[in-house]
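Student: Structure provided below as structure tokens; questions to follow.
Residue numbers (UniProt numbering): 1 to 358.
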């Protein structure tokens, strides 16, 4: 099976007009034990505004399932009182978010022209893009830089095409990272009309420039696409469609079997445990994932979303010493997914003609 890989990296969060301090902000892991507590947390999640002094890192979804909440210093006492009143189990996971951010931040003194990108530290977007450009210069027959469009702020959306056999028709594997749009399945369950909410659906489907650019690019390669992989953090999950409904997708059983084998191979690398399943049943109803749209619109055979390390101890602020282990185990699982697909479907794209009947 000949493949070319298209990897697109979104630019969200790459630059801020001014730095925000999260000094003494705490992150709590909270677990609702009754319906009243769960509903109170959901109401809190929905009530967020631009002035809110709290933010859910993991939204409340089910009884007994952990949520993760960051709280400003001046609200911590009232939040803790609410947890106690509603019998919500709570545990402080991060004592000072700013300290954790400082430890995670790329080296301030790095000079892009003199110090190459490495995997023992987090790199800035400029450093990553410069490194990708250098790879395209070094390996022009294999690597092509893609710039299919610009973001709302006018920044390039940058991707990389890896192709060992140019000018030969082949199957496409599309990988996407650093994007978290929720505008593909517009205003279904798990979306919000609150513009300040992280699950705001926008005024209409594909309303935002970055999402519209991605839609057009994905459509341009969809005919030959056999796999779509999306990378997020955190929770150590491998998720498959759908998020907006619990109805099973076309080849649900096959994708579950492939995921189980791939995650066992992942576990053997560093002992990291993942869970797997469709979004709606594994976590909660969540509309707007690009994976759902790709699967539903183009019937791409293989479609997964990774929620990478960890399970909440560090959350979104994963220490840099976990970069390489995360990459090593994830690569093993990816190769397993592609190998299993090839073994099951040696005819490749012919699967797309029958998958809707599975």
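C-beta: ideal position from N, C-alpha, C; glycine also.
Note that the coordinates shown come from a computational prediction; the quantities given were computed from them, not determined experimentally.
For the alpha helix (DSSP H) containing residue 333, list its first residue and its last residue.
Tutor: 323 to 344
Student: Residue 170 to residue 307, Cα distance in whole Å?
Tutor: 28 Å
Student: In terms of residue numbering, what span does the alpha helix (DSSP H) encompassing residue 243 cover?
Tutor: Premise fails: residue 243 is in no alpha helix (DSSP H) and is neither H nor E.
Student: Relative to the C-alpha of residue 309, which residue among 25, 42, 232 and 285 is closest?
Tutor: 232
Student: Once you ignore the five residues that flank residue 75 on each side, which residues in its own chain have a CB closer than 7 Å to its CB?
Tutor: 53 and 54
Student: So, using beta-carbon positions, are residue 299 and residue 250 closer together than 9 Å?
Tutor: yes
Student: Is the separation between the beta-carbon of residue 67 and that of residue 58 shorter than 9 Å?
Tutor: yes
Student: Could you pull the DSSP bridge partners for residue 51 from this structure?
Tutor: None, per the DSSP bridge assignment.
Student: Measuring CB to CB, does residue 294 end up less than 9 Å from residue 228?
Tutor: yes
Student: Return the Cβ separation of residue 136 and residue 145 in integer angstroms, given the expectation that the two are a contact with Cβ distance under 8 Å.
Tutor: 5 Å
Student: Residue 241 and residue 291: beta carbons closer than 9 Å?
Tutor: yes
Student: Within the same chain, show all residues whose beta-carbon is closer than 8 Å to that of residue 311, passing over the 5 residues directly before and after it, in chain order.
Tutor: 234, 235 and 236
Student: Roughly how many whole angstroms lie between the Cα atoms of residue 265 and residue 333?
Tutor: 6 Å
Student: Taking C-alpha atoms, which residue in 103, 35 and 92 lies nearest to residue 322?
Tutor: 103
Student: Keeping to the same chain, check which residues put their C-beta closer than 8 Å to that of residue 316; ignore five residues upstream and five downstream.
Tutor: Same-chain partners within the cutoff: 57, 233 and 234.
Student: If contact is defined by three or more beta carbon pairs under 8 Å, each pair taking one atom from either stretch, is the region 34 to 43 in contact with the region 79 to 90?
Tutor: yes
Student: If we ignore side chains and look at the alpha-carbon of each, how far apart do residue 147 and residue 33 end up?
Tutor: 48 Å
Student: Return the CA-CA distance between residue 13 and residue 153, expressed in angstroms with no decimal places.
Tutor: In this prediction, residue 13 has a pLDDT of 37, which is less than 50 and means its spatial position is unreliable; what the coordinates show is noted afterwards. Whole-angstrom Cα-Cα distance: 11 Å.
Student: Starting from residue 282 and walking both ways along the alpha helix (DSSP H), at which residues does that stretch end?
Tutor: 279 to 282
Student: Residue 228 lies in the beta strand (DSSP E); which residues open and close that run?
Tutor: 225 to 233
Student: Cα separation between residue 96 and residue 23?
Tutor: Linking residue 96 to residue 23 through their CA atoms gives a straight-line distance of about 6 Å.
Student: Sort 285, 326, 47 and 222 by Cα distance to residue 303 and report the nearest one.
Tutor: Among 285, 326, 47 and 222, the Cα nearest to that of residue 303 belongs to 222.
Student: What is the DSSP secondary structure of residue 91, counted as helix, strand or coil?
Tutor: strand
Student: Have a look at residue 114 and residue 139 and give me their C-alpha separation to the nearest angstrom.
Tutor: Low confidence applies to residue 114: its pLDDT is 48, below 50, so where it sits in the model is not reliable, and the reading given next is rough at best. When only Cα atoms are considered, residue 114 and residue 139 end up about 20 Å apart.
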